[in-house]
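The structure appears right after this line, and notes come after that.
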Amino acid sequence: MSEIAQCWIDGEVIPAHQAKVSVFDHGFLYGDGIFEGIRFYNKRVFRLPLHMARLKRSARALQLDIPLDDTAFEEAIYATLKAFPLADGYLRVLITRGVGALGINPANCAKPAVIIIADKLVMVGDEERNRGIRAIIASTRRMTPDRLDPRIKSLNYLNAIQAKMEANYAGVEEAILLNERGFVTEGSAMNIFVVRDGAIYTPPATEGALQGVTRGTVLEVAKELGIPASETVLTSYDLFTADECFFTGTGAKLIPIREIDGRKMGTCPGAIYLKLLAGFNALVARETAG
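Here my numbering is used: the first residue of the sequence shown is 27, the next is one more, and so on.
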């Protein structure tokens, strides 16, 4: 948390360091809640309808009521942005099950709580972004959709945190998770793409990947640029032998990968990555222009 972070809570925008949540909130006690990470540029939220649609899908999957309608939610988001001193930044929108008695029963919670945070978020430094980051394939496996579907952006990120811990122990920046069948899903908190022979490939959500907004935007940009793109099942072999590889995410934007499990990529940053990055930045500029 930075000193300039702002928070909308209980209908009021206050400095984030003054915000308080009850210790009986089930989001805090049990991770019972959902969230969205959203970027804003020039005080304009990037692709808010897509994020809100995904938030609603997560809420429906968990039978979690959203206590604000679309208009009130958007007003709360922009009130938070207005109080934040920077033009560009990151929003974290959370809905928790709310305050309730001890015990996991969600029926004990009377009303969901909404929290909106505006702050800075830097996933990697400029040097790392320019030269690419290193990753490992984690021994931690992504939870399968029949247990907890990764398309639900829940407050429980322990699975991803365990993988991130492995990356820390290995002295690299990121971890890649496989599913129980050994297929690639995504990074600890980012989608992944590989490039081969001028085409890009990314795992389908049904293999355990989040349906990322930035992921979808990159697929859109690829189509505009005439770069072949598809969702397909990938294995570690596809990672090791890729011409290029990169992560995408709201927090990450686009980050090139230079090494996976000690194996260097063909190029980093590669020509396809650089084209997509330029196209992505141009799209963001168009949609958030003043």
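Cβ atoms here follow ideal geometry from the backbone N, Cα and C, with glycine treated the same way.
Compare the C-alpha of Thr232 against each of Asp175, Ile103, Glu62, Asn185 and name the closest. Asp175
Coil, strand or helix - Tyr67 by DSSP: strand
For the beta strand (DSSP E) that contains Asn217, what are its first and last residues? 217-222
Select from Pro254, Pro132, Ala304, Ala196 the residue whose C-alpha is nearest the C-alpha of Glu285. Ala196
Which first and last residues belong to the alpha helix (DSSP H) in which Ile187 is found? 184-196
Could you round the C-beta distance between Gly238 and Thr274 to whole angstroms and report it? I think they count as a contact, below 8 Å. 6 Å
Distance, Pro138 Cα to Gly53 Cα: 9 Å
Compute the Euclidean distance between the alpha carbons of Glu206 and Ala235, then round it to the nearest angstrom. 13 Å
For Ile121: DSSP bridge partner residues: Ile60, Val140
Contacting residues, own chain, Cβ-Cβ under 6 Å from Asp58 (five flanking each side not counted): His52, Arg123
Could you spell out the range, first to last residue, of the beta strand (DSSP E) harbouring Pro282? 279-286
At least 3 beta-carbon pairs within less than 8 Å: the stretch 144-158 vs the stretch 177-192: no
Report the rounded CA-to-CA distance for Arg168 versus Thr211, giving the unit in angstroms. 7 Å
Closest by C-alpha distance to Gly288, when choosing among Arg80, Ile162, Pro41, Ala136: Ile162
Could you tell me the alpha carbon to alpha carbon distance between Ala117 and Lys46, rounded to whole angstroms? Note on identity: in this sequence residue 117 is Leu, with Ala being the wrong assignment. Each residue's Cα considered, the two are about 18 Å apart.
Among residues of its own chain, excluding the 5 on either side of Ser262, which ones have a beta-carbon nearer than 6 Å to its beta-carbon? Ile163
Using three-state DSSP, classify Leu76 as helix, strand or coil. helix
Give me, in chain order, the residues of the same chain whose beta-carbon lies closer than 6 Å to that of Ile130; leave out the 5 immediate sequence neighbours on both sides. Tyr56
In whole angstroms, what separates the C-alpha of Arg317 from that of Lys301? Since the first residue shown for the chain is 27 and the last is 316, residue 317 is missing from the structure and cannot be characterised.
In chain order, what residues of the same chain lie with their CB nearer than 8 Å to the CB of Phe50, ignoring the 5 residues before and after it? Val125, Gly126, Ala127, Leu128
Bridge-paired residues (DSSP) for Leu203: Glu212
Quick check on this structure: which residue in Leu107, Pro75, Arg222, Ile121 has the alpha carbon closest to the alpha carbon of Leu88? Ile121
Looking only at DSSP bridge pairs, what is Lys290 linked to? Glu285
Distance, Ile92 Cα to Ile60 Cα: 10 Å
Using only CA atoms, which one of Tyr104, Leu112, Pro111 lies nearest to Val119? Tyr104
Measure the C-alpha to C-alpha separation of Tyr299 and Ser165 and round it to an integer number of angstroms. 27 Å
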